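Worksheet: one structure, shown below.
Residue numbers (this note's numbering): 590 to 827.
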């Protein structure tokens, strides 16, 4: 009569032992997976990118696991263009150079991100006036020959500190593969362009007409206060 309850108690004890072992094993696996995820998120990544700010490199690191990353970027590129915003045509050389510090916030825990940050903005435009077919320049409705005023040079630059906001996709320091792809779309506020125009020679009345030309050029280039940014990047996590 007493043997059966003893066997039952032994059976129950054995089942409890198996249950505790299974629970311990499950907890061990869960902790291991959590540690692996944390290790993946705590690294850093080095990337290369192409954007409307030029070609660049960037370093990404994790600040808050699966939620917040930090990025440092270096961008630059030079190319030639033409400015035809007034009566004078200019050959222009656009020199792009910027250094950015960005924070990526992942509101849904996936790849979609909201980005904010600030750039050191070294972008500038050097311009050289091109004489018309009559070898002259027209400033403020008045004609000056190239022999009178010589060469015409100018420069346009922007605020050195420029805030940035945007959205994007990609997380270079989290996920299974160490190879990552990123996309960014946003806007850089670089302020109202600051222009300067000068000539190698001067004649009476030219200074006032140059000031009027500068005002026209400022107004025509005012749209560049907000600079659109589109970028694609390829990164490798270490």
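By construction, the Cβ of each residue, glycine as well, lies at the ideal position given by its N, Cα and C atoms.
From a predicted model like this one, the values you see are computed outputs, not experimental measurements.
By alpha-carbon positions, which one of 751, 710 and 761 ends up nearest to residue 826? Taking the first residue of the chain shown as 1, we reach residue 826 at position 237. When each option's Cα is compared against that of residue 826, the closest is 761.
Residues in the same chain with beta-carbon distance under 6 Å from residue 612, minus the five sequence neighbours each way, listed in chain order, please. Mapped onto the chain shown, residue 612 falls at position 23. No answer about residue 612 holds up, because its pLDDT of 40 lies below 50 and its placement is not dependable.
Where residue 738 and residue 640 are concerned, what is the direct C-alpha to C-alpha distance, given to the nearest angstrom? As a position in the chain shown, residue 738 is number 149, starting the count at 1. As a position in the chain shown, residue 640 is number 51, starting the count at 1. Between the alpha carbons of residue 738 and residue 640 lies a distance of about 39 Å.
Boundaries of the alpha helix (DSSP H) in which residue 809 is found, first to last residue: Taking the chain shown and counting its residues from 1, the one referred to as residue 809 is at position 220. Residue 809 -> alpha helix (DSSP H) spans 795 to 809.
Rounded to whole angstroms, what is the Cα-Cα separation between residue 757 and residue 708? Start at 1 with the first residue of the chain shown, and residue 757 comes out as number 168. Start at 1 with the first residue of the chain shown, and residue 708 comes out as number 119. Their Cα atoms are separated by approximately 17 Å.
Quick one: grab the DSSP three-state call for residue 690. Along the chain shown, one-based indexing puts residue 690 at 101. Three-state DSSP puts residue 690 in a strand.
With C-beta atoms as the reference, is residue 714 less than 8 Å away from residue 663? In the chain shown, counting from the first residue as 1, residue 714 sits at position 125. In the chain shown, counting from the first residue as 1, residue 663 sits at position 74. Contact: no.
Sort 644, 636 and 677 by Cα distance to residue 566 and report the nearest one. For residue 566 there is no data in the structure shown, the boundaries of the chain being 590 and 827.
Among 687, 634, 633 and 643, nearest to residue 821 - alpha-carbon criterion: What you label residue 821 is simply residue 232 of the chain shown in a count that begins at 1. When only C-alpha atoms are compared, the closest one is 643.
Hey, out of 728, 785 and 685, whose CA is closest to residue 667's CA? In the chain shown, the residue the question calls residue 667 occupies position 78. Sorting 728, 785 and 685 by C-alpha distance to the C-alpha of residue 667 places 685 at the top.
Compute the distance between the beta-carbons of residue 755 and residue 771, then report whether it is under 8 Å. Looking up residue 755 in the chain shown gives position 166. Looking up residue 771 in the chain shown gives position 182. Contact flag unset, no.
Rounding to the nearest angstrom, what Cα-Cα distance links residue 810 and residue 782 in this structure? By 1-based counting over the chain shown, the position of residue 810 is 221. By 1-based counting over the chain shown, the position of residue 782 is 193. Those two C-alpha atoms are separated by around 7 Å.
Tell me whether residue 786 is buried or exposed, calling it buried when 16 or more other Cβ atoms sit within 10 Å of its Cβ. By 1-based counting over the chain shown, the position of residue 786 is 197. The residue is buried, with at least 16 neighbouring Cβ atoms inside 10 Å.
Within 8 Å, strictly: CB atoms of residue 665 and residue 645: Position 76 of the chain shown, counted from the start, is the residue given in the question as residue 665. Position 56 of the chain shown, counted from the start, is the residue given in the question as residue 645. Yes, the pair counts as a contact, with Cβ atoms nearer than the cut-off.
According to DSSP, is residue 736 part of a helix, a strand, or is it coil? For the purposes of this step, residue 736 is taken as the residue at position 147 of the chain shown. The answer is helix: DSSP assigns residue 736 an H, G or I state.
What is the rounded straight-line gap between the Cα of residue 711 and the Cα of residue 813? What you label residue 711 is simply residue 122 of the chain shown in a count that begins at 1. What you label residue 813 is simply residue 224 of the chain shown in a count that begins at 1. Straight-line Cα distance between these residues: approximately 14 Å.
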